[in-house]
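Participant:
Number of protein chains: 2
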Amino acid sequence: MEAIPLLTLKRLPQYLEALNRFKKAGLKMVSATKIAVFTDVHMTQVRKDLAYTGVVGTPKVGHHIDELMQAIERTLNWNDISSCFLVGVGHLGKALMGYSELNKKGLRIVAAFDKDPDLIGNTHQGIPIYSMERFENLSSRLHVHIGILAVPAEAAQEVADKMLAAGIIAIWNFSNIKLQLPEHIIIENIDMSASLAVLSRRVAEHLHQEQL
Amino acid sequence: MEAIPLLTLKRLPQYLEALNRFKKAGLKMVSATKIAVFTDVHMTQVRKDLAYTGVVGTPKVGHHIDELMQAIERTLNWNDISSCFLVGVGHLGKALMGYSELNKKGLRIVAAFDKDPDLIGNTHQGIPIYSMERFENLSSRLHVHIGILAVPAEAAQEVADKMLAAGIIAIWNFSNIKLQLPEHIIIENIDMSASLAVLSRRVAEHLHQEQL
Chain A
15 MEAIPLLTLK RLPQYLEALN RFKKAGLKMV SATKIAVFTD VHMTQVRKDL
65 AYTGVVGTPK VGHHIDELMQ AIERTLNWND ISSCFLVGVG HLGKALMGYS
115 ELNKKGLRIV AAFDKDPDLI GNTHQGIPIY SMERFENLSS RLHVHIGILA
165 VPAEAAQEVA DKMLAAGIIA IWNFSNIKLQ LPEHIIIENI DMSASLAVLS
215 RRVAEHLHQE QL
Chain B
15 MEAIPLLTLK RLPQYLEALN RFKKAGLKMV SATKIAVFTD VHMTQVRKDL
65 AYTGVVGTPK VGHHIDELMQ AIERTLNWND ISSCFLVGVG HLGKALMGYS
115 ELNKKGLRIV AAFDKDPDLI GNTHQGIPIY SMERFENLSS RLHVHIGILA
165 VPAEAAQEVA DKMLAAGIIA IWNFSNIKLQ LPEHIIIENI DMSASLAVLS
215 RRVAEHLHQE QL
């Protein structure tokens, strides 16, 4: 199984979304050019990226949309749903528990964990909420390898360490700290603070320039 | 007002978080080296980044933590809270409406918009929910320049176009499509699909390798 470049992986869902639109519009076939125009990625790059899925288009005809969608999903392992655990049942954690898109994108939250006694023993969106003490036992019983980290920044490193001790190999990190973990651990960060920093400063720069 | 490099902007919140920890631990002064170790950014880079805030440390003593925190917040314009509108009151939209961190990071959601008649006229977390038809009128009345886009992919471009027509200059985009907008519009994407693509594939590659 080949290690696919990071940027290719990040673009594949965009192609999938484009293909989904074309399909809904009634198309059966699509060219790389058309995908390129829709996603604003250069045609040459689209071709390179799609080559990683193993699907070969027909010259002057293009790709079967259904076939290409399946190939992308297979490449991303989205056809095979992985169970995962979520820690931190706050606003964000709850949103993720209710986010049905996750199931289409290879993840299913099978249990959530929190330290709040009012939450422990309850469910949210049908997902049971446990105390963190049960994490290790449950992850080995259920063969869970992926953890979603949705706790406040100050608790993030500690919880991440506990996840690792329990056999987690990949963390989807929504806290705004850079976790210090061994190199073989897979970490994907959704850093809203970094994004807000850029947004906020760029708006200030823009409004300042308008005033000049 | 100088245009600060993108990566510097993205790192500043990490430094802020580190400073916050040092402060909570009782420290008054901190060196760039200490920030570098905590955030895992190279010391030279930390110094360069902090220079953009205009604060100059004292050799061998370092920075006053409070002063540096204020300087970073000022640089990010986080000391000045901007009103913004959110469109799409689903799971994610609701999470953002309840996410108190936003207020600390320069944003306040003052109104939300949705097309669901069951939501329109109600509030969530104290924030009123309106029909999209009222967006333009309210944004000009309240001088709102920032829009949060939390609608499904298929509605994202259309809603973004409406935001622009109503005078929005910056969009925080949580949909997984690349918006086609004029160049002067500020767009920050939180692309969970791209992140899930990387996570999912890397886990599959890891587990595959273990089996070999």
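These protein sequence lines map, in sequence, to chains A and B. Here our numbering is used: the first residue of the first sequence is 15, the next is one more, and so on. Here our numbering is used: the first residue of the second sequence is 15, the next is one more, and so on. Glycine residues also receive a C-beta, built at the ideal position from the N, C-alpha and C atoms.
Is the CB-CB distance between ILE49 (chain A) and ALA32 (chain A) below 8 Å?
Facilitator: Contact flag set, yes.
Participant: Using the beta-carbon of each residue, which ones in chain B are nearer than 8 Å to ASN190 (chain A)?
Facilitator: Chain B residues near ASN190 (chain A): PRO27, GLN28 and GLU31.
Participant: Determine whether the beta carbon atoms of GLY71 (chain A) and LEU90 (chain A) lie at a separation below 8 Å.
Facilitator: Against a cut-off of 8 Å, the Cβ pair of LEU90 (chain A) and GLY71 (chain A) comes out as no contact.
Participant: Between the beta-carbon of ASN190 (chain A) and the beta-carbon of SER214 (chain A), is there less than 8 Å?
Facilitator: Contact: no.
Participant: Where does LEU23 (chain A) fall in DSSP's three states?
Facilitator: The answer is helix: DSSP assigns LEU23 (chain A) an H, G or I state.
Participant: Tell me whether ILE154 (chain A) is buried or exposed, calling it buried when 16 or more other Cβ atoms sit within 10 Å of its Cβ.
Facilitator: Checking the displayed sequence, the identity of residue 154 (chain A) turns out to be Ser instead of Ile. Flag for SER154 (chain A) reads exposed.
Participant: Alpha carbon to alpha carbon, how far is GLY104 (chain A) from ALA126 (chain A)?
Facilitator: Roughly 11 Å between the two C-alpha positions.
Participant: Please classify SER114 (chain A) as buried or exposed, where buried requires at least 16 other C-beta atoms within 10 Å of its C-beta.
Facilitator: Exposed, by the Cβ-count rule.
Participant: Output yes if chain A places a C-beta closer than 8 Å to the C-beta of HIS105 (chain B); else output no.
Facilitator: For HIS105 (chain B), the answer is yes, since a Cβ of chain A falls inside 8 Å of its Cβ.
Participant: With H, G and I counted as helix, E and B as strand and the rest as coil, what does DSSP make of LEU121 (chain B)?
Facilitator: Reduced to three states, the DSSP call for LEU121 (chain B) is strand.
Participant: Buried or exposed for ASN151 (chain B), please, with buried defined as at least 16 other CB atoms from any protein chain shown within 10 angstroms of its CB.
Facilitator: Classification for ASN151 (chain B): exposed.
Participant: Taking only beta-carbon atoms, is THR67 (chain A) less than 8 Å away from chain B?
Facilitator: Output row for THR67 (chain A): interface = no.
Participant: Ordered along the chain, which non-local residues of its own chain (more than five positions away) have a Cβ less than 8 Å from that of LEU106 (chain A)?
Facilitator: Closer than 8 Å at the Cβ level, and outside the excluded window around LEU106 (chain A), lie ALA164 and PHE188.
Participant: Measuring CB to CB, does ILE200 (chain A) end up less than 8 Å from ARG216 (chain B)?
Facilitator: The answer is yes: Cβ separation under 8 Å.
Participant: Got a sec: is the Cβ-Cβ distance from HIS220 (chain B) to anything in chain A below 8 Å?
Facilitator: Yes - at least one Cβ of chain A is within 8 Å of the one on HIS220 (chain B).
Participant: Would you identify the three-state DSSP class for LEU163 (chain B), choosing helix, strand or coil?
Facilitator: LEU163 (chain B): strand per DSSP, three-state reduction.
Participant: Looking at the C-beta of ILE160 (chain B), does it have a partner C-beta in chain A at a distance below 8 Å?
Facilitator: Chain A contact via Cβ: present.
Participant: DSSP three-state label for SER209 (chain B), please.
Facilitator: It is helical.
Participant: I believe ILE79 (chain B) touches PHE36 (chain B) by the beta-carbon criterion, under 8 Å. Please report the beta-carbon distance rounded to the nearest angstrom.
Facilitator: Correct: roughly 6 Å between the Cβ atoms.
Participant: Could you tell me how far apart the beta carbons of ALA211 (chain A) and LEU23 (chain B) are, in whole angstroms, since I believe they sit closer than 8 Å?
Facilitator: About 5 Å; that satisfies the 8 Å criterion.
Participant: Taking just the CA atoms, how far does GLY102 (chain B) sit from ARG148 (chain B)?
Facilitator: Roughly 14 Å separates the two Cα atoms.
Participant: Please look up how many angstroms separate the CB atoms of LEU133 (chain A) and ILE143 (chain A), rounded, as I've assumed it's under 8 Å.
Facilitator: The Cβ separation is near 5 Å, so the contact holds.
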